[in-house]
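Trainee: Read in my numbering, the sequence shown has 127 at position 40, and its numbers run on one by one without any break. Take a look at this one; I'll ask things after.
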Amino acid sequence: MPGQSPRHAEDQFAPILDAFDRTQPIDTFGDTLAFQVGLYFLDQGFYWECHEVMEPLWIAAPDHSAEKVFFQLVIQIANACLKKRMARDKAHDRLCTISTGLADALVRRGVHMVYGVHVRQLLQYIT
């Protein structure tokens, strides 16, 4: 946990991140090891690790795309969960509000699912 446990080795996620080709088509990002492992980390409670492996996908996604908003949503949810674990209630609440706003923005665009993941179901992690 940040600030409470030793920092991982700098190359801890290299095998996962090195497998991601930032130039591949956006519609294939859901097939990447980074995406699959990121969701696994989120589901298993490894929130900081989820953020670490999802961030390159977010950076590589085209600006203003639904995918970029989706990756931001996953990262913010992971961050909110981490803040809750750290008993940082104000930060948790702020990130929950941001996450809900991102999910709402996707739904308003008619995007209910990205890479097989239901946008609204992601909010289960913060409710």
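Backbone N, C-alpha and C fix where the C-beta goes; we use that ideal spot for every residue, glycine too.
(1) Does V161 come out as helix, strand or coil in the three-state DSSP assignment?
(2) For a minimum of 4 consecutive residues, which ranges assigned as the alpha helix (DSSP H) are wholly contained in the segment 96-173?
(3) CA-CA distance, A106 and D118?
(4) Pull up the distance between the alpha-carbon of A101 and that of E139, whole angstroms please.
(5) With H, G and I counted as helix, E and B as strand and the rest as coil, what does DSSP make of H179?
(6) Going by alpha carbons, who is nearest to V223 out of A174, F157 and Y212?
Mentor: So, from the data block:
(1) helix
(2) 101-105, 120-131, 134-147 and 153-172
(3) 11 angstroms
(4) 11 angstroms
(5) helix
(6) With the chain covering 88 to 214 only, the question about residue 223 has no answer from this structure.
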